[in-house]
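To keep things clear, I will list the structure first and then write my remarks on it.
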Amino acid sequence: MTKAITVSGLHKSFGRTRALEGLDLDVESGEVHGFLGPNGSGKSTTIRVLLGLLRADSGAVQVLGRDPWTDAVEIHRRIAYVPGDVTLWRNLSGGEVIDLYGRLRGGLDARRRAELIDRFELDPTKKGRTYSKGNRQKVALVAAFASDVDLLILDEPTSGLDPLMEEVFQSCVAEERDRGRTVLLSSHILSEVEELCDRVSIIRKGRTVESGSLADLRHLTRTSVSAELAGPPDGLAALPGVHDLEVRGNRVRLQVDTDRLDAVLRSLTDSGVRSLTSTPPTLEELFLRHYQKDATASAGAVAP
Amino acid sequence: MSSTSSAFSAFAVRPAAARQLAGTGTLLRLALRRDRLLIPVWIAVNALMVLSMPGTLDSLYGTPAERADLVRQMETNSSLRAMTGPVFGDSLGALTAWRAGVYAAALAAVMSLLIVVRHTRDEEESGRQELVASGTVGRRAPLTAALLTAAVADAALALLLAAGLSGQGATGAVAFALGVAGTGMLFATAAAVLAQLTESARLARGLTAGLLGAGFVLRAAGDSATADGSSPLTWLSPLGWQENLRPFAAERWWVLLLIAGAALLQGAVAYELTGRRDLGMSFLPTRPGPATGRLGTAGALAWRLQRGGLLGWSIGFLLAGLVYGGMTEGAADLVGDNEQARRIIERMGGQAQLTDAFVASMTGMLGLVAALYVVGAVLRLTGEETSGRAEPVLACAVGRLRWAAGHLVIAFGGAVWILLLAGAGYALAYGKDPGGVLGACLVQVPAVWVIGGAAVLLHGLLPRAAVAAAWGAAGAVLLLGWVGPALDLPRSVLDLSPFGHLPKVPGAEMSWGPLVVLCLIAAVLVAAGLAALRRRDMTT
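Those protein sequence lines, which keep their order, are chains A and B. When we follow UniProt numbering, the leftmost residue of the first sequence carries the number 1, and every step to the right adds one. When we follow UniProt numbering, the leftmost residue of the second sequence carries the number 1, and every step to the right adds one.
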């Protein structure tokens with residue numbers, strides 16, 4: 001499988017602010033790759049480097065096998081980009097902007113354009129300033145999905161879309177994947193990422209902290225288990241990998257590292273299980289674990 | 001406590017009025033905070049220009065005899081009158097008012113219109129007003145705060161001018177300061193009206209600046225026709241009112257009433273309009289556009305974005321050419337029999353026939369104004385970039401050079417086009433020597449291009465500072481060209497402006513050397529700017 005995007009050791013500073021400090025990112029051709037991170041962690045900076053709008057201070061960056069800084073135009077023929085905050089020209093209609101972006105990329109599928117306008121319920125005759133935020137996003141989304149490109153770079157593309165349109169967006173991304181196109185999706189909507197993405201990269205403070213398939217990442221995290229037992233539980237606290245143990249009479253709630261699940265289940269069945277629910281970690285939990293590292297670290301520093 | 005209860009009672013007595021203006025004080029503080037650099041710079045430039053005048057004039061025309069001589073010359077020198085207005089007395093104060101009055105008033109007008117549009121239509125267009133208006137902010141509070149901000153700036157300017165000129169006579173100083181500040185408020189309220197009518201801040205600014213330009217052309221035409229500012233054309237122009245106040249020369253105080261009355265009337269219209277419309281909407285509503293577009297290149301997009309502005313400039317330059325062309329014949333007649341006037345105008349226009357010299361100074365003025373066009377057109381690049389609209393375009397298969405090229409062709413080609421139109425209008429109204437007139441217009445092009453090239457370089461190197469720096473450079477060149485020659489500034493200072501190196505055709509020998517050098521400088525500036533643009537990060 002070839003790589004659509006490879007980034008390794010990417011550094012980028014703005015004056016004294018260090019936006020990216022050794023970021024790594026690998027996107028395989030044909031996959032939908034989730035790109036996650038808190039606000040200000042460097043997602044948009046990375047995307048601007050991938051688009052050749054910013055020049056990397058150091059590190060290796062390749063998009064579709066080329067250097068985005070020197071070969072920007074050649075790469076852009078095969079890329080469609082949707083920013084998180086679309087600004088339109090006040091005196092151009094949405095339809096004009098869609099066609100402009102399409103032609104600047106080297107062609108637009110007219111039938112697909114009409115179909116997308118219909119599905120997104122967009123009025124293409126309105127002019128720039130009169131669109132709401134969600135409708136401005138739709139203009140850029142229609143232009144991107146109707147273009148004949150190999151790679152879609154979407155930077156929080158659904159901000160402002162209503163749930164119905166969010167669903168249309170998700171089916172559009174699924175269709176793109178089915179056609180063999182690659183999608184880099186930066187998003188804060190975790191259900192969207194969970195639904196669409198084959199693999200995700202999580203970044204924090206300009207560094208990649210986690211990267212892999214959702215299954216891989218889940219494996220690294222905790223499953224929550226709650227059970228009602230026949231008798232009081234025994235020896236759970238001593239098991240390795242058990243966290244946040246809560247025992248109330250015969251009821252047990254706990255978190256367990258997913259690769260230690262076997263021992264916990266054995267211990268529970270020893271006490272006799274009346275009912276059991278086990279929830280795999282959601283992306284949200286996975287996410288919060290990384291994001292909250294700062295908070296716990298600083299709290300730990302203050303506490304004696 | 002007492003202020004709370006009095007606020008309550010005011011609320012009870014005049015609830016409607018209080019609600020309309022709620023939050024004005026906070027908005028005024030916000031506006032002054034945002035403009036804490038802009039306003040002092042405008043005031044300082046204006047005050048420096050005016051307050052340096054008495055000293056300079058004193059060194060030029062030190063004795064009463066010299067000054068009386070100057071007054072006699074001005075009575076017969078219509079082209080100099082077109083630039084500065086007539087002179088009404090031979091005191092230093094009166095000469096200062098003559099030399100600086102029109103420009104001080106025009107600068108105050110530009111400052112005021114920029115302030116008002118910036119805090120009204122700009123805020124609505126950007127969407128910031130929506131969040132502000134959701135607070136306890138009355139419907140008319142933003143407009144009131146914007147007008148008050150302009151009033152604060154104009155009042156501060158007036159205080160500085162009155163204090164600085166009081167040595168020349170307190171009465172005249174007050175009249176001069178009030179005339180300048182009044183003209184400022186006249187254009188502040190005009191901008192307030194136009195900001196209600198248009199949906200775009202750019203258009204509101206453009207239309208108000210167009211009014212100011214029309215005022216300048218009308219006053220220039222009127223003043224070249226009569227020696228005492230009494231022409232109806234002069235009275236049609238607000239800049240003519242300021243001059244007819246006659247500071248330091250038997251002030252006509254009633255003219256201030258005219259200025260104040262007109263400003264109040266315009267303010268009332270703006271208030272009436274702002275109470276009747278929806279936030280963000282205008283009285284000239286946006287029509288729906290086509291569902292499919294024909295735009296397909298970065299160049300076509302640039303043309304689409306700039307064509308409206310270019311049309312406005314084209315109309316303005318054609319009209320200015322027609323007006324100045326119509327004045328040219330009479331100008332030579334009036335000046336014909338006065339030896340000293342001859343010498344002055346020859347100094348301004350070069351060693352040549354008087355009519356030719358008049359043509360040269362008028363086309364020189366048009367060239368200076370064309371520099372403003374080229375800076376505005378080049379800075380569209382900066383506007384597109386900082387607004388975030390350039391980013392998705394550059395993420396398409398469009399290189400930075402192609403993206404910039406469209407705007408630059410319009411900027412540099414447009415400068416040639418508007419000067420050609422002015423020349424055509426001039427030649428048509430003048431009726432003689434079309435080749436010489438067109439040549440006098442086109443000879444301005446290399447100097448205009450140098451200013452445009454400087455703007456390209458600034459955009460390439462310092463995108464964040466480019467707007468202020470490029471307008472600053474254009475403004476400095478404009479001031480040098482307008483006030484420089486008659487002040488006998490040292491050659492080395494005048495030489496800083498590219499316009500100082502142009503041959504004063506028709507009349508003077510045509511010399512290609514400086515033109516070629518200026519074109520080369522412009523080319524180097526543009527090339528360096530584009531090279532820098534290719535190398536740097538795009539800003540967002």
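Built from N, CA and C at the ideal position, the CB exists for glycine as well.
DSSP places F35(A) in the uninterrupted beta strand (DSSP E) bounded by V32 to L36. Contacts with chain B at 9 Å (Cβ-Cβ) do not include R112(A).
Within the DSSP secondary-structure output, H243(A) pairs in a beta bridge with Q255(A). The C-alpha of R294(B) lies about 16 Å from the C-alpha of R307(B). Under the three-state reduction of DSSP output, G182(B) falls in the helix class. About 6 Å separates the beta carbons of A181(B) and A108(B), which is inside the 8 Å limit, making them a contact pair. Under the Cβ criterion of 9 Å, P163(A) is not counted among the residues facing chain B. In this structure, the beta-carbon distance from A31(B) to A145(B) falls below 9 Å. Under the 10 Å beta carbon count, W254(B) is surrounded by fewer than 16 other beta carbons and is classified as exposed. R113(A): not part of any beta strand (DSSP E); member of the alpha helix (DSSP H) spanning A110 to R119, first to last residue. Counting along the chain, the unbroken beta strand (DSSP E) around Q62(A) starts and ends at S58 to V63. The three-state reading of DSSP puts G212(A) in strand, counting E and B together. In this structure A22(B) is in contact with A141(B), their Cβ atoms being roughly 6 Å apart against a cut-off of 8 Å. In this structure, the beta-carbon distance from V183(A) to L154(A) falls below 9 Å.
For D85(A), the chain B residues whose Cβ falls inside 8 Å of its Cβ are G388, in order along the chain. Setting aside the 5 residues that flank it on each side, W313(B) is surrounded in the same chain by Y373 and I418, each with a C-beta closer than 6 Å to its C-beta; the list follows chain order.
Comparing C-alpha distances from T286(B) to each of G160(A), L185(A) and G128(A) shows the shortest one belongs to G128(A). Beta-carbon to beta-carbon, A320(B) and L366(B) are separated by about 6 Å, close enough to satisfy the 8 Å threshold. Under DSSP, R248(A) shares a beta bridge with R251(A). Excluding the 5 residues flanking it on each side, A175(B) has same chain C-beta neighbours closer than 6 Å at L245, P247 and E251, in chain order.
Taking C-beta atoms as the reference points, Y131(A) and L100(A) fail to come closer than 9 Å. Secondary structure note for D67(A): it is in no alpha helix (DSSP H), with a DSSP letter that is neither H nor E. The segment 203-220 of chain A and the segment 243-250 of chain A do not touch, with fewer than 3 CB-CB distances between them shorter than 8 Å. In this structure M53(B) is buried. Its beta-carbon is surrounded by 16 or more other beta-carbon atoms within 10 angstroms. Sequence-ordered contacts of the segment 107-125 of chain B with chain A read E125 [C-beta pairs closer than 8 Å]. Residue pairing for Y81(A): DSSP places it in a beta bridge opposite I153(A). Under the three-state reduction of DSSP, D178(A) is assigned to helix.
Between M281(B) and Y324(B), the C-beta gap is not smaller than 9 Å, which leaves the two residues out of contact. Straight-line measurement puts the Cα of S278(A) at about 12 Å from the Cα of V264(A). Neighbourhood of K126(A) in chain B, by CB distance below 9 Å: T286, P288 and G289, in chain order.
By the criterion of a C-beta distance shorter than 6 Å, A411(B) is surrounded in its chain by V374, A377, V378 and G452, once the five residues flanking it on both sides are discounted. If you check each beta-carbon in the segment 139-150 of chain A against every beta-carbon of chain B, the ones closer than 8 Å belong to A140. Buried is the label assigned to D35(B), since at least 16 other Cβ atoms lie within 10 Å of its Cβ.
Here the alpha carbons of V139(A) and G94(A) stand approximately 6 Å from one another. The alpha-carbon of G213(B) is positioned some 32 Å away from that of L530(B). Spanning the alpha carbons of E28(A) and A4(A) requires a straight line of approximately 5 Å.
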